[in-house]
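Engineer:
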Amino acid sequence: MSNVLIVVDKLEDWEPYYPSDLVISFDHYLSLKTPPGQRVRVINLCSDYSYLSQGYYCSLLAEAKGHHVIPTSRVLNDIWSPLLYQLNVEEVFETLDKMFKKGERPEQLEFKTYFGQVSEPSLKPLAKAVFERFPSPIVAVTLKYLDGHWVIADLGIIDHKSLTDAEETEFGEALDRFSRQVWHPKKARKHARYDLAILLNEQEKTPPSNMPAIKKFIQAGKNLGVDVEIISPDDFMRLPEFDALFIRETTSIEHHTYRFAKKAESMGLVVIDDPTSILRCTNKIYLADLFAANGVPAPRTLIVSRDRPEQLEQAAATLGFPIVVKIPDGSFSRGVVKVEDSEELRTRTAELFMESSLLLAQEFLYTDFDWRIGILNNKALFACRYYMVKDHWQIYHHETDEEANLVDKSDKTKSGGFDTLPTFEVPRAVLQAALKAAKQIGDGFYGVDVKQWGDKAYVIEVNDNPSIDAGVEDEYLGNELYSLIMQEFVRRMEE
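Anchor point for the sequence shown: position 396 equals 395 in numbering that gives the first Met the number 0, and the numbering is continuous, going up by one each time.
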């Protein structure tokens, strides 16, 4: 369980707002002793953040104490100098360009953000971008469009005591949203040992976990003294409230899931899936080279380049038909095709090359089912057999693949049947191959897909956020599966 502290110069500075025992003076914070290992979040609301001021020392000493503070000393250093805050603000300017892509572009914009919030709806994306780059309680920004590009004309952290009554209300509401534990004096605070966030996206059509499974994770956490809360992609700046992050959304490098994982890891949170695992698992070309270099049994695989058409002929001669062709970062069988001859190979790869400059060509091994071995911290948790869709060669069938873009997510999807077994019933070769593959990635939570061909096993890929659906992967272990995963979070948080 983490503590949240609001530090002000003097307690009288908090008079316009609702009284809270979480508000302390700077002098009190200087003398504050916290037990080793206790997570503390500090919201620094001192009036002066200039060099060697109380506000500056508040952030600096918070970092020395191991507390997570907003704003950090790095932000304070950046925000003092135009030469510094003009650097690394591409995301701010990209947001501006998107906002005014179709409309009339103003010559100047002035606004204040309160923990990344702003009252003007049209400025919300911009306020969020500014806050992610300069996370501070109140930031005043002036932007100008000069000589065909945007510049930051002025940027500064504002003293909350300088706000008008209306602005004080807006600031208080933003603080409430930013740290919900601070602003509800009538609500009893939970005395959980730890706080864990589960990242979900309600818009995702094929998430790694269905809602019944999420509820089981929440209950398993509660049983272990962990307060589990669902967060959305809009809650990026709430990460400091938690001790751990569990990503239950399909991951990708160019995606908010990777940014969440990177940010959480940098703040010392326990993260599953960690950014290194995401980086390694989401690219099948990387996995193919990794397996080959470390002796992980896998189907024969070749990498083909858009700029080397002769490699298609080499793949046909080496692998024989049929051949499975894949884009590097597809998921749920998307961007994966089976070709029967040279003509189809050229046609289908031309479509896939529109998505990626490199593709994987892999020998086709037909099986009635694929093994999925769930592995956490290099130990097998569950085993499933996912059966192929009737009259199809994959466990997922996207019905409009022939009519639409191969990675389009608007199609209708069918999936085959399944059965779930105890891991001790899995053939030895399958289990050993899965464990060897997962070990090359790390000690996270992985789903290893394996094909069994006679008495041999071949690893197809390692997934960094394996499916855990109630009624599927938990069919054998039941609630124990959720408890085992939450226990691993607790073990890591205690370490």
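Idealized CB from N, CA, C, for every residue including glycine. Keep in mind it's a predicted model, so treat the numbers as computed, not measured.
By Cβ distance below 7 Å, which residues in the same chain neighbour Gly65 in space, the five residues on each side in sequence not counted?
Structural biologist: Hits under 7 Å: none found.
Engineer: Assuming Thr141 and Glu109 form a contact by the criterion Cβ under 8 Å, report the distance between their Cβ atoms to the nearest whole angstrom.
Structural biologist: Between Glu109 and Thr141 the Cβ distance is about 5 Å, and since that is below 8 Å, they are a contact.
Engineer: Using a threshold of 8 Å, state whether the C-beta atoms of Ala297 and Val425 are closer than that.
Structural biologist: For Ala297 and Val425, no; Cβs fall outside 8 Å.
Engineer: One question on the structure: do Val496 and Ile197 come within less than 8 Å of each other, judged by their Cβ atoms?
Structural biologist: The first residue shown for the chain is 0 and the last is 494, placing residue 496 beyond what the model contains.
Engineer: Please report how far the alpha carbon of Gly115 lies from the alpha carbon of Lys123, in whole angstroms.
Structural biologist: If I take the Cα positions, the gap works out to 8 Å.
Engineer: Using only CA atoms, which one of Asp47, Pro421, Pro232 lies nearest to Gln202?
Structural biologist: Nearest option by C-alpha distance: Pro232.
Engineer: Would Glu494 be called buried (16 or more neighbouring beta carbons within 10 Å of its own) or exposed?
Structural biologist: Exposed, since its Cβ has fewer than 16 Cβ neighbours within 10 Å.
Engineer: With a cut-off of 8 Å on the beta carbons, I'd call Pro136 and Leu44 a contact; round off their distance for me.
Structural biologist: That pair is a contact at about 6 Å.
Engineer: Between the Cα of Val41 and those of Tyr28, Asp47, Leu51, Gln53, spot the shortest distance and give me the residue it belongs to.
Structural biologist: Answer by Cα proximity: Tyr28.
Engineer: Please state whether the Cβ-Cβ distance between Ile156 and Tyr48 is less than 8 Å.
Structural biologist: Yes, the pair counts as a contact, with Cβ atoms nearer than the cut-off.
Engineer: Rounded to the nearest angstrom, how far is the Cβ of Gln439 from that of Val335, given a contact under 8 Å?
Structural biologist: Not a contact, Cβ separation roughly 22 Å.
Engineer: At which residues does the beta strand (DSSP E) containing Ser24 begin and terminate?
Structural biologist: It spans 22-24 - the beta strand (DSSP E) in which Ser24 sits, taken as one unbroken run.
Engineer: Could you check whether Thr419 and Leu430 sit closer than 8 Å to each other, using their CB atoms as the reference points?
Structural biologist: Their beta carbons are not under 8 Å apart, which means Leu430 does not touch Thr419 by this criterion.
Engineer: Can you find the residues in the same chain that come closer than 6 Å, C-beta to C-beta, to Ala263, ignoring five residues on each side of it along the sequence?
Structural biologist: Hits under 6 Å: Leu238, Leu244, Val270.
Engineer: What is the DSSP secondary structure of Leu420, reduced to helix, strand or coil?
Structural biologist: The answer is strand: DSSP assigns Leu420 an E or B state.
Engineer: Among Glu309, Asp194, Glu119, Leu359, whose alpha-carbon lies nearest the alpha-carbon of Asp328?
Structural biologist: Ranking Glu309, Asp194, Glu119, Leu359 by Cα distance to Asp328 puts Leu359 first.
Engineer: The alpha helix (DSSP H) that contains Gly220, what's its start and end?
Structural biologist: Its alpha helix (DSSP H) spans residues 210-222.
Engineer: Going by the CB atoms, is the gap between Glu350 and Phe320 shorter than 8 Å?
Structural biologist: Not closer than 8 Å, so no.
Engineer: Whole-angstrom Cβ separation of Glu131 and Phe241, contact assumed at under 8 Å?
Structural biologist: At roughly 17 Å, the Cβ-Cβ gap does not stay under 8 Å, so Glu131 and Phe241 are not in contact.
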